[in-house]
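In mature numbering (1 follows the signal peptide of the UniProt record, and there is no 0), the protein residues as written are -28 to -1, 1 to 710. Working notes for the structure below.
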């Protein structure tokens, strides 16, 4: 009997141990990396790591802290990343010392002509000595240190205030141009995707003559501030996790960079306390560093801009006056124009043209016509050019099947998306594609050829790219986002020779590549911001941002090439203008205290105090976000109801000591606008004056906006601010399909 009981006990104990093991495993598997944001670092004696351990210890039971703590943010702000369960996250979120807890989400990675297009040529006036002391921090996918764009010929030692390091990993060397490198993922700061190399060289790369992509876009590739230094922070390999992004901000701020450019985004808008970029950029701002961030590539849908914070310069993508096209010639010399970056030449020789549905043996006629995966017969497409009724799946299928070339339908009428393709191929708009299909259906032996791409002049530039994410700002409706537009279509810049040049298993490798995206626009704005800072080293991030926005080239609805989210929700204050930005006349200044007041209108005072790192108190009368001293003005109103909104603003004189500015309003018949006072007179530099703008109307239709502009002019300086009144629930459209 005793033996039998012992055996039962043994089995029960074994089952208990197995159950505990499985529960432990399940708990472990249910953990995911989350960020616990604690705000600013406290003053005085304080050990961040000990505090982080203490907080974790309070919520974690029976687990090793060392195995759960992923990162500790302790150089520039306060917080940590850890592997947490849902229950642990909830407990942490309820602690008074915690500002926010959010998952470490995956963020997305978002020139020879662009700078000249903006009137910013190589002969432009520069303050070269100060420019060489500017340090641009690039948070991205790393950098290719051996690129000619980053050689240090003619550079002296790094600025004395630089506190960073070259921790790029094995076989990675910095120099007096690329003065710092860190990585938070993979095993090196070396760029494996090419994205970070491209953005870094666009912002601050050296001038490299005769750069091109297989002869296309040939010229001198250079950054906005070629004399500036670069510090690279690799957070993507290829995925970009929030906890790594925050770690890069933590280091970059403490290292001593002057400008941060980050062409990464969530792909959707998140509350500022739940967005790693908004948090990192806030602490950059309080340390005198302006952050430029790409608006996102989810246009033209409404409300898709993923960078809501007012302390960030959010950048949309626009075209330049060089457009790369491709031509298809068929029949008796009929020529149609398509979009692609096609480096292949068929030497003008004509080849058989076939439609996808006629060269398939195992798919429905519709699927074959779309050239879906696995539909094309390799034997039937060999030596032929295949026409496909869809863009998305057609190119990789034609390439894999071994077709000589391909012509695909670009259903969305988008000229901004010219992809680099792995074979002779191009995309045609529906009208041109229909012409080609009619020819094929009218002859027994259709023949044609695809020419190598060429560039043409685009007199309509700049226009906002179809893919560029649009506003309005869903988190802070009174802040127009994006802030500004910059070149982001078909930009040539340095690239990683390790990376594939296209999305299609392309085996070619290059040192310079043409790319499009708000990722390309963002470093253009960073380069201009650094240029402005080289003339005004003491200017705050908000002052630099204001100078870029109020001097921007005006754009209008025709600049969007779309009736969706037109106007300021596509391009912000307009197209960036580097030459004018160094002398804006008046600026809209905003301090950390101004941003804290704005946060007080939305968040709990205790959390705001943690963010500010001081004893900030929210005023009893919290005021209105309409009065935040922003260079643009926006108000969301109730559809079809009479409205009257007032904006209070103040401007600082940075132009001529004795000057007088008169207000001019570009009136819209749907609203009545009044500015008080209409004249601002200054007697000294840095003097500030306040004014009010009142906008009234009988009602704005559902899902509409009314736009106008306020311009302060003194005879030399035009200080322009867009004003937008709009209604909620603007209808969402399908997102960009590619």
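Built from N, CA and C at the ideal position, the CB exists for glycine as well.
DSSP-derived helix/strand/coil call for residue i
i           : result
residue 497 : helix
residue 96  : coil
residue 324 : strand
residue 68  : coil
residue 264 : strand
residue 721 : Missing from the structure shown is residue 721; the chain here goes from -28 to 710 and no further.
residue 30  : helix
residue 274 : coil
residue 492 : helix
residue 535 : Low local confidence applies: a pLDDT of 42 at residue 535 is under 50, so the model's placement there is unreliable, and no value is given.
residue 169 : helix
residue 503 : helix
residue 462 : coil
residue 2   : helix
residue 543 : helix
residue 279 : coil
residue 367 : helix
residue 695 : strand
residue 408 : helix
Span of the beta strand (DSSP E) around residue i
i           : result
residue 360 : 357 to 360
residue 108 : 107 to 112
residue 550 : It is not in any beta strand (DSSP E) - residue 550 instead sits in the alpha helix (DSSP H) that spans 550 to 553.
residue 422 : 419 to 422
residue 51  : 50 to 56
Reference residue i; option with closest CA among the options
i           : options               : result
residue 371 : 283, 462 and 478      : 478
residue 227 : 213, 202 and 207      : 202
residue 300 : 568, 332 and 359      : 359
residue 690 : 679, 658 and 637      : 637
residue 692 : 671, 211, 655 and 560 : 560
residue 191 : 153, 180 and 198      : 180
residue 411 : 347, 399 and 308      : 308
residue 54  : 37, 62 and 418        : 37
residue 629 : 656, 648, 619 and 649 : 656
Spatial distance of residue i from residue j (CA atoms)
i           : j           : result
residue 677 : residue 605 : 13 Å
residue 426 : residue 184 : 12 Å
residue 578 : residue 592 : 14 Å
residue 327 : residue 345 : 15 Å
residue 543 : residue 91  : 19 Å
residue 624 : residue 646 : 21 Å
residue 631 : residue 658 : 12 Å
residue 39  : residue 219 : 18 Å
residue 22  : residue 16  : 15 Å
residue 452 : residue 700 : 14 Å
residue 480 : residue 305 : 31 Å
residue 67  : residue 73  : 10 Å
residue 2   : residue 519 : 48 Å
residue 147 : residue 128 : 10 Å
residue 706 : residue 455 : The predicted model places residue 706 with a pLDDT of 34, which falls under 50 and marks its position as unreliable; any figure quoted below should be read in that light. Distance between the alpha carbons of residue 706 and residue 455: 23 Å.
residue 382 : residue 687 : 48 Å
residue 685 : residue 550 : 19 Å
Short Cβ contact (9 Å threshold) for residue i with residue j
i           : j           : result
residue 221 : residue 200 : no
residue 76  : residue 167 : no
residue 287 : residue 265 : yes
residue 584 : residue 259 : no
residue 324 : residue 367 : no
residue 497 : residue 121 : no
residue 441 : residue 460 : no
residue 207 : residue 157 : yes
residue 291 : residue 462 : yes
residue 159 : residue 141 : yes
residue 434 : residue 547 : yes
residue 379 : residue 310 : yes
residue 495 : residue 195 : yes
residue 408 : residue 302 : yes
residue 597 : residue 574 : yes
residue 283 : residue 562 : yes
residue 524 : residue 506 : no
residue 204 : residue 172 : yes
residue 714 : residue 439 : The displayed coordinates of the chain run from -28 to 710. Any statement about residue 714 would go beyond what the structure contains.
residue 611 : residue 672 : yes
Beta carbon proximity, residue i to chain C, threshold 9 Å
i           : result
residue 682 : No chain C appears in the structure shown, which is made up of a single protein chain.
Residue i, enclosing alpha helix (DSSP H) - first and last residue
i           : result
residue 569 : 564 to 572
residue 581 : 577 to 584
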